[in-house]
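**Q** Residue numbers (the working numbering): 123 to 334. Here you go, one structure.
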């Protein structure tokens, strides 16, 4: 796909083919993980021949890295949107709700990311050590600034962020467990709103500065 040393832009059909492959790969990786997934499985789910798939992505690693890279961008977007000039409680409430919306709308992506972390993040360790760390460092300083101004109760900002990740992504990674325990009456779509209200109460109450 190169001409004169430059990469030619993909045609509409080529972009559509790549999207089909990436969607199929997401399904396969989310179920089997990177090690258990095969090119043959991805080709079957994509509804195309293995040679056709390999034309677009010569190696399984390339598909996986593309998925993870795009996922990390999407996953970090809500944290990037936390505005240091905003009021801390609406900003944190909004962050919790956006993370829960992602758990609701992107459960396969969440499981793909969790599988990568469980394997030691071999395909995205540089992104985690640089891009993710830099963003968390930046937002931790925002939280510390609010604490220094007396707008939030003092706590460890890093563990606060980790706790929000853990509690919100639970509803994607352990969705089967959540629905089974809640039962038919409470395990429907309303479970995400119930979770949002609970987590808002949990975090915002804990972050409310106490009168001296």
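For glycine and all other residues, C-beta sits at the position ideal for the given N, C-alpha and C. All of these numbers come straight from a predicted model, not from anything done at the bench.
1. When DSSP labels each residue in this structure, what does residue 250 get in the three-state scheme?
2. So the candidates are 165, 278, 251; which of them puts its Cα closest to the Cα of residue 264?
3. Taking a contact to mean a Cβ-Cβ separation below 8 angstroms, would you say residue 148 touches residue 218 in this structure?
4. Could you tell me whether the Cβ atoms of residue 143 and residue 161 are closer together than 8 angstroms?
5. If you reduce the DSSP assignment to three classes, tell me which class residue 125 lands in.
6. When you compare only the Cα positions, how much space is there between residue 210 and residue 332?
7. Is DSSP giving residue 271 helix, strand or coil here?
8. Less than 8 angstroms between the CB atoms is what I'm expecting for residue 226 and residue 314, so what's the real figure, rounded?
9. Measuring CA to CA, which of 261, 304, 253 is closest to residue 283?
10. With residue 246 and residue 190 assumed to form a contact (beta carbons below 8 angstroms), what rounded beta-carbon distance in angstroms separates them?
11. Tell me which same chain residues have a C-beta within less than 7 angstroms of the C-beta of residue 172, skipping the five on either side of it?
12. Which of the three DSSP states is assigned to residue 180 in this structure?
13. Do the stretch 266-275 and the stretch 294-306 make contact, defined as three or more Cβ pairs closer than 8 angstroms?
14. Alpha carbons only, please: which of 157, 132, 327 is nearest the one belonging to residue 237?
15. Using a threshold of 8 angstroms, state whether the C-beta atoms of residue 249 and residue 194 are closer than that.
16. Following the continuous alpha helix (DSSP H) through residue 222, name the residue where it begins and the one where it ends.
17. Taking just the CA atoms, how far does residue 159 sit from residue 151?
18. Give a single yes or no on whether residue 245 has its beta carbon closer than 7 angstroms to a heavy atom of the ligand PLP.
19. Which full runs of the alpha helix (DSSP H) of 4+ residues lie inside the stretch 269-308, going along the chain?
**A** Let me lay it out:
1. Per DSSP, reduced to three states, the secondary structure at residue 250 is helical.
2. It is 278 whose Cα lies nearest to the Cα of residue 264.
3. Not a contact, by the Cβ cut-off of 8 angstroms.
4. Taking 8 angstroms as the Cβ cut-off, residue 143 and residue 161 do not qualify as a contacting pair.
5. Low per-residue confidence applies at residue 125: pLDDT is 44, beneath 50, and the placement is therefore not dependable, though the value from the model is reported in the following sentence. The answer is strand: DSSP assigns residue 125 an E or B state.
6. One C-alpha to the other measures close to 16 angstroms.
7. Here residue 271 sits in coil by DSSP.
8. Sure, about 5 angstroms apart at Cβ, within 8 angstroms.
9. Its Cα nearest to that of residue 283, the residue 261 stands out among 261, 304, 253.
10. Contact flag correct, Cβ pair sits at about 5 angstroms.
11. So the list reads 161, 162, 165, once near-sequence residues are dropped.
12. Per DSSP, reduced to three states, the secondary structure at residue 180 is coil, with no helix or strand assignment.
13. Contact check between the stretch 266-275 and the stretch 294-306: fewer than three CB pairs, one atom from each, fall below 8 angstroms, which does not count as touching.
14. That would be 157, whose Cα lies nearest to the Cα of residue 237.
15. With a cutoff of 8 angstroms on beta-carbon distance, residue 249 and residue 194 are scored as near each other.
16. Judged by DSSP secondary structure, residue 222 falls within the alpha helix (DSSP H) whose first and last residues are 210-227.
17. Each residue's alpha carbon lies about 6 angstroms from the other.
18. Ligands displayed in this structure: none; no statement on the ligand PLP is therefore possible.
19. Listed in chain order, the alpha helix (DSSP H) runs fully inside the stretch 269-308 are 279-295, 297-308, counting runs of at least 4 residues.
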